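All you need for our numbering is the position in the sequence shown, starting with 1, plus 26.
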Amino acid sequence: MNNHTFMALGLVMAIALAGCSSTSPKWGDDAITYHYKCESGEMFTVVYARDFAKAWLELSEREYALKRIGQGPGGHFVLADDPPDTHHPLTLLTKVDQARLEFKGTVFKNCRIVN
27 MNNHTFMALG LVMAIALAGC SSTSPKWGDD AITYHYKCES GEMFTVVYAR DFAKAWLELS
87 EREYALKRIG QGPGGHFVLA DDPPDTHHPL TLLTKVDQAR LEFKGTVFKN CRIVN
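Structure below.
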């Protein structure tokens, strides 16, 4: 293998590895990640913005952007692009270490934070 071929292969590998190690800028360095497991066995991950005004739900290899609605204890999150005062196809309710997820007519309840 000559020097040019070796350098080209090295450059391709470096670019590929850099792509694998990148992080999503929307989450930021101060995002908070929780993994939940429900009584049904379903698992999902929620990444919260530090101020808990928005979050990202990872469920069944898909990602959903969420926004917090309402005030008060616990969190009530819906899809970020849902208009106000509408039926929400996805609702995440959180309180301390528990969560309840309603998604497309299915309710995942008694979900707890796991490591």
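No residue lacks a Cβ here, since even glycine has one placed at the ideal position from N, Cα and C. Remember, it's a predicted structure, so these values are computed and weren't measured experimentally.
Item, Value
"Anyone know if the C-beta pair for Tyr62 and Ala106 falls short of 8 Å?", "no"
"Determine which residues share a DSSP beta bridge with Val72 and list them.", "Tyr60, Leu83"
"Please name the residue or residues paired with Lys121 in a DSSP beta bridge.", "Gln124"
"Can you find the residues in the same chain that come closer than 6 Å, C-beta to C-beta, to Asp56, ignoring five residues on each side of it along the sequence?", "Arg76"
"On a Cα-Cα basis, can you pick out the residue from Gly100, Gly101, Thr71 that is closest to Glu89?", "Thr71"
"Just to check my reading of the structure: Lys93 and Phe103 have Cβ atoms closer than 8 Å, yes? What is that Cβ distance to the nearest angstrom?", "7 Å"
"To which residues of the same chain is Lys121 closer than 7 Å at the C-beta, ignoring the five residues directly before and after it?", "Pro99, Gly100"
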